[in-house]
Amino acid sequence: MPTIDETLINRLSTTPYYQQLSDVLEQRIAVGDIGAGSRLPSENDLCTEFNLSRATVRQALRLLETRGCATRVNGRGVYAIVPEGNHGWLIQGVQGFLENAMGHQNRAVSTQVLSSGKAELPPFACAALNIPAHTDGYCLERLRCLDGKPALYSINYSPPFLVSTIEGAGRVLSGEASFSELLVDAGYSLAGANRTIRAIAASQTVSLHLRIPEGSPVLHIRSVSWSQDGQRFDIYDTWVSSDVIPLEVNVSSVQLGAR
Numbered sequence: 683m684p685t686i687d688e689t690l691i692n693r694l695s696t697t698p699y700y701q702q703l704s705d706v707l708e709q710r711i712a713v714g715d716i717g718a719g720s721r722l723p724s725e726n727d728l729c730t731e732f733n734l735s736r737a738t739v740r741q742a743l744r745l746l747e748t749r750g751c752a753t754r755v756n757g758r759g760v761y762a763i764v765p766e767g768n769h770g771w772l773i774q775g776v777q778g779f780l781e782n783a784m785g786h787q788n789r790a791v792s793t794q795v796l797s798s799g800k801a802e803l804p805p806f807a808c809a810a811l812n813i814p815a816h817t818d819g820y821c822l823e824r825l826r827c828l829d830g831k832p833a834l835y836s837i838n839y840s841p842p843f844l845v846s847t848i849e850g851a852g853r854v855l856s857g858e859a860s861f862s863e864l865l866v867d868a869g870y871s872l873a874g875a876n877r878t879i880r881a882i883a884a885s886q887t888v889s890l891h892l893r894i895p896e897g898s899p900v901l902h903i904r905s906v907s908w909s910q911d912g913q914r915f916d917i918y919d920t921w922v923s924s925d926v927i928p929l930e931v932n933v934s935s936v937q938l939g940a941r
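Counting from 1, position 248 in the sequence shown corresponds to residue 930 in our numbering; the numbering is continuous, with no gaps.
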């Protein structure tokens, strides 16, 4: 029977427990303690071994999948895989753009919430969410740093039906927990998204947050996400200082059916 090993989880650290657990499991896979193709311990076993809640364990396993270190087989569990050497911000995964950034070499990622609260959504967000202009929603403004250096500045725009959910998510609003995981737990799993990428000159606001000269080249990503039933539930604008960390786009072929 597994024994409780709390020594691997630093209870005093500002790093979220789920991220610490994901790091531990990734290390076990990397050194061969959990072999490629082997089934990871069950959620119950991990809860017992690390004295963590089931919700935290599930979040850790999802992050491990995002990092490319594990894959879930329905009805059978989560299995270890050996990840390829990713080095950039992975932008096409089902996890949020920011969460994907925390894998592999990008572990020293910190989050600072610059502002949050209920506010009138900008016209483009209302149009993308298919809601009337001047509708109040929720705006979440954040800065992500890599090894203490600003790398990514973002604003999420959420529709009215998510306001109460976000307002009650204290750990998300303090930068300690994942916004994308909050949406999943609220029943809004990502079925698809449109992400537009442009190279632009940094505005005064963007340059201030990323600590770069105004007019410096940055990448701007605008994303519109929708659920399985087609409901649009998240819009974000992100400005990336790609000299700090590059973007990574994986390409694969997909066999399409006859039209």
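We put the beta carbon where it would ideally sit given N, CA and C, even for glycine.
Name the one or two DSSP bridge partners that residue i has.
i    : result
P899 : A883
A762 : A752
R721 : Y761
L828 : V791 and K831
T696 : Note: T696 sits in no beta bridge, so no partner.
N838 : L822 and Y918
S905 : R877 and Y918
S798 : L822
Could you check what DSSP says for residue i in three-state terms: helix, strand or coil?
i    : result
C821 : strand
A643 : There is no way to answer for residue 643, as the model of the chain reaches only from 683 to 941.
A712 : helix
T730 : helix
L872 : coil
A742 : helix
E849 : helix
S860 : coil
H816 : coil
P805 : helix
S923 : coil
S735 : coil
Quick one, which of the options has its alpha-carbon nearest residue i's?
i    : options                   : result
Y899 : Q702, R693 and A883       : Sequence check: residue 899 is Pro here, not Tyr. If we check each option's Cα against that of P899, A883 comes out closest.
L803 : Q794, T793 and I837       : I837
T753 : G912, F843, R721 and Q886 : R721
E747 : S797, Y700 and R826       : Y700
T887 : G850, I879, L825 and I848 : L825
R710 : G819, G852, F861 and C751 : C751
S885 : E896, R877 and P842       : E896
L796 : L745, F843 and S856       : S856
N812 : G799, A859, W908 and Q702 : W908
L834 : L864, A815, T847 and V791 : V791
L844 : E858, L865 and S860       : L865
V755 : S724, T793, F732 and P814 : S724
S905 : S862, A868 and I927       : S862
Since residue i and residue j should fall inside the 8 Å C-beta cutoff, what is the C-beta to C-beta distance between them, to a whole number of angstroms?
i    : j    : result
V922 : L901 : 4 Å
A851 : C821 : Not confirmed; about 14 Å, so no contact.
T920 : I903 : 4 Å
Checklist entry - Is the stretch 898 to 916 close to the stretch 871 to 887, with three or more CB pairs under 8 Å? => result yes
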